[in-house]
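Following: one structure in structure tokens, then a few remarks.
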Amino acid sequence: MEATNTQSSDEWVVIAGETKTISFTITNHATRQDIFEMSVQSSGGMLWVVEQPTRPNAVINSGASTAFTIQVIAPNNAQAGDSGPSITPIITSTRSGMTFMGLEFNELEVEAIDDIVLRLIDSPTKLTPGVANKITIEIENDGNGPTQAVIDLPNLPETWQWWVRVADQNHTGPIDLSASYDLQDIKVVEIWILISMTESAGILHSIEITASLFADGIDINPLDNIIEINAITASHRQPQITNYSSQGSAMAGSTASANLTIQNIGNAVDNQISVRAIISSSPPAPGIISFFSVGANGGALPVGEWSVITLKGGEETTLNVDMILPEGVSLNTRIIVRFEVIGGLDSELFPYELDYDAMIIVDSRRSMTAVSSPISNESNVYGVAVPLWINVTSTSTMSENYIISSKVPEGWQVVCLGILMNESGYPVNTVAGHIDAQEKYVSCDIHRLSGVLEGQVEIIVSSQDGTLTWQDKQSIHFQEQIDGSFALSTELMVAGGLAILVFIALIAVLIKKRSVEVDEVEIEDEEKIVIQISSGPPISQANGPPATQQLASPTPLISHTDQPSNAPTGPPQNKVTVKQEEIQAVEQISAGPPLPESGLPVGWSMEQWNHYGQQYLDGNL
8 MEATNTQSSD
18 EWVVIAGETK
28 TISFTITNHA
38 TRQDIFEMSV
48 QSSGGMLWVV
58 EQPTRPNAVI
68 NSGASTAFTI
78 QVIAPNNAQA
88 GDSGPSITPI
98 ITSTRSGMTF
108 MGLEFNELEV
118 EAIDDIVLRL
128 IDSPTKLTPG
138 VANKITIEIE
148 NDGNGPTQAV
158 IDLPNLPETW
168 QWWVRVADQN
178 HTGPIDLSAS
188 YDLQDIKVVE
198 IWILISMTES
208 AGILHSIEIT
218 ASLFADGIDI
228 NPLDNIIEIN
238 AITASHRQPQ
248 ITNYSSQGSA
258 MAGSTASANL
268 TIQNIGNAVD
278 NQISVRAIIS
288 SSPPAPGIIS
298 FFSVGANGGA
308 LPVGEWSVIT
318 LKGGEETTLN
328 VDMILPEGVS
338 LNTRIIVRFE
348 VIGGLDSELF
358 PYELDYDAMI
368 IVDSRRSMTA
378 VSSPISNESN
388 VYGVAVPLWI
398 NVTSTSTMSE
408 NYIISSKVPE
418 GWQVVCLGIL
428 MNESGYPVNT
438 VAGHIDAQEK
448 YVSCDIHRLS
458 GVLEGQVEII
468 VSSQDGTLTW
478 QDKQSIHFQE
488 QIDGSFALST
498 ELMVAGGLAI
508 LVFIALIAVL
518 IKKRSVEVDE
528 VEIEDEEKIV
538 IQISSGPPIS
548 QANGPPATQQ
558 LASPTPLISH
568 TDQPSNAPTG
578 PPQNKVTVKQ
588 EEIQAVEQIS
598 AGPPLPESGL
608 PVGWSMEQWN
618 HYGQQYLDGN
628 L
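Residue numbering for the sequence shown is 8 to 628, as defined by our numbering.
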């Protein structure tokens, strides 16, 4: 005889608390009829209930079969995957007393049950725009095995934002829930909602919170997976700093600025926002002129005093401070611009207080001073240059290129360090002078070639970019020419001098070419050729040379002839004898000193070199 069950193994999945019936079949393989007592023996499966067979003893003929059943009850707290007890059927023959044991049966297993429960712990009655609103819920796994749940807010507006925090940390993805015996089956979840600032106050909102299984499965009680809360949009006023800027560094004597952008991140108009700008410096820098304004076209507001402005919900504006720094502000001065904002109300009905400090460092400077020597009010001698010196001092933090220019009456000239000052002026370059002041001394001469005897001389010193400038005006009076021979115009003097130079040059050429000796003839009345060289100023092309060349008395014509000395020569004539040494001296005077290897000095003409070249070489110009 053997004992076997008659059910398929697919039927042995049990739900917690369920009762399962198991059937066993008995077959009599003996050659005669027998009576059997039936029972079962179980092991394992704590808290499982295995009931004994309840039918009477079975009378089985030879070769016949019969069946008996037992019931097994799973515990109510059985967890998914738990195995049932091992059950062994036992029969005992009442005639022979022999006991037979069938095969052990251990195929019972507890089926998984999914059941997620949501509970509301706390939620606000008003949702405040611009700030995060917290909703606290509890999620529990009432199933019989570990599971994962997903939180969702399906009907939240797209302009709103929300996120989840678990155990004081932001959480994304499914939430792990253990079985109850692992004590991690309940989690407290915080849901934070950020409402758009465009939401109007007083609007009722219905928010739905759901929990669903992350893996495949069916919740046995989906009705407890949903929470719905109702809240209205609250009126909220809150200023917030959204941007700021300042230039960081500035130059003495220039402008500096700082600005701050604030926004009302609430959803209601706030007409009681107080703003203020305070300006301080270290070390103290008196003379700073400051302006405080609100918005792009706002009027000037008092610095250091509170002013009230209005901002709509979501509106922003800019607080501006502009300053004019004095020329004398010290380098490395730190200027602090402090913005202060008070407005709105927090959850405890206290106003929000905001502040921001912008620091500007004065790290550069452009500064130049100049002094010129005074010119005597007395009349200056005709033909003598008037000296004038200019002292330029630079204390800039950078290299500077200055230009000294002048304005003089027509026919006058200014020569600085031997260089004629033209329209482009006289350049003066200095290195940075903020540590050691850089001084440049320039010596100039004022020459009158023609024009008025009394006039005004204006000297201008300016940087190349025109940022720095200085000017001085002085009057000069020249005496009139006493000798009438100097009354000729400059043009006539230049023409006469050139004519005499050409005439002497022709004589020298003829003497060298023909090699003719001219008999010395005594010149009656000691007539001589007189060449006067003026020691006046350099000659410009516009006004002609200042030197005047003229004859002290009419010069007789010099007669040259190729006729023999005994030929008739007509009436006696006075002859001028010019020696070779005198011609060379005249050529040397007319040509000036030899040019240096570098050529003419910058700004000089050949005519000026002939007259003033020797003075330039001697260092007198």
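Every residue gets a Cβ at the ideal spot worked out from N, C-alpha and C, and that includes glycine. The structure displayed is predicted, hence computed values, not measured ones.
When C-beta atoms of the stretch 239–247 are compared with those of the stretch 135–144, three or more pairs fall below 8 Å, so the two segments count as touching. Per DSSP, the continuous beta strand (DSSP E) segment holding Asn408 begins and ends at 407–414. With fewer than 16 other Cβ atoms from the protein chains shown falling within 10 Å of its own Cβ, Met105 counts as exposed.
Here Ile236 is bridged, per DSSP, to Ile214. For secondary structure counted as the alpha helix (DSSP H) over 4 or more consecutive residues, the stretch 125–158 holds no complete run. Restricting attention to Arg62, Ser213, Tyr623, Glu25, the CA atom closest to the CA of Leu163 is found in Ser213. The three-state reading of DSSP puts Gly620 in helix, counting H, G and I together. The C-alpha of Ser482 lies about 12 Å from the C-alpha of Lys414. One Cα belongs to Val449, the other to Trp396, and the distance between them is close to 6 Å. Check the Cα spacing between Asp129 and each of Ala71, Glu417, Asn237, Gly51: the tightest is with Asn237. Excluding five sequence positions before and after Glu487, the CB atoms of its chain that fall closer than 7 Å to its own CB belong to Tyr389, Leu460, given in chain order. Runs of beta strand (DSSP E) with 3 or more residues, each lying fully within the stretch 168–232, are found at 168–173, 176–178, 182–184, 193–201, 211–220, listed in chain order. Sequence-distant partners of Asp231 (beyond 5 residues in either direction) whose C-beta falls short of 7 Å from its own C-beta, in its chain, are Val124, Leu125. Under DSSP, Ile331 forms a beta bridge with Thr262, Ile296. In terms of CA proximity to Asp329, Ala263 leads the group Ala263, Ile382, Ser374, Met375. In this structure, Ser403 lies away from Gly432, with their beta-carbon atoms at least 8 Å apart. Closest by C-alpha distance to Ala81, out of Arg455, Asn113, Val21, Asp364, is Val21. Within the same chain, Gly599, Pro600 come within 6 Å of Gly620 by CB-CB distance, once the 5 residues on both sides are set aside. For Gly432, there is no enclosing beta strand (DSSP E), since its DSSP letter is neither H nor E.
By the CB criterion at 8 Å, Ser185 and Pro153 fall inside the cutoff.
Pairing Gly350 with Gln279 gives a Cβ-Cβ distance under 8 Å.
Taking a C-beta distance under 8 Å as the contact criterion, Thr317 and Asp277 qualify as a contact pair.
Across the structure, Trp55 and Glu145 are spaced so that their CA atoms are roughly 32 Å apart. Pro434 is positioned such that its CB atom lies closer than 8 Å to that of Ile410. If you check the CB distance, Val157 and Val173 do not come in under 8 Å. Contact check for Ile202 against Leu127 fails: the beta carbons are separated by 8 Å or more. By the criterion of at least three beta-carbon pairs nearer than 8 Å, the stretch 362–372 is in contact with the stretch 333–350. Restricting attention to Gln615, Gln463, Gly260, the CA atom closest to the CA of Pro333 is found in Gly260.
For the pair Gly88 and Ile120, the Cα-to-Cα distance works out to about 10 Å. The three-state secondary structure of Asp362, taken from DSSP, is strand.
Shown here for Asn266: same chain residues with a beta carbon closer than 8 Å to its own, the five before and five after excluded, namely Tyr251, Ser252, Ser253, Thr325, Leu326, Asn327, Val328 in chain order.
No residue range can be given for Asp121, since it is assigned to no beta strand (DSSP E) and is classified by DSSP as neither H nor E.
Our two residues, Leu513 and Gln445, have alpha carbons roughly 55 Å apart in a direct line. For Val66, the pairing in a beta bridge is given by DSSP as Ile42.
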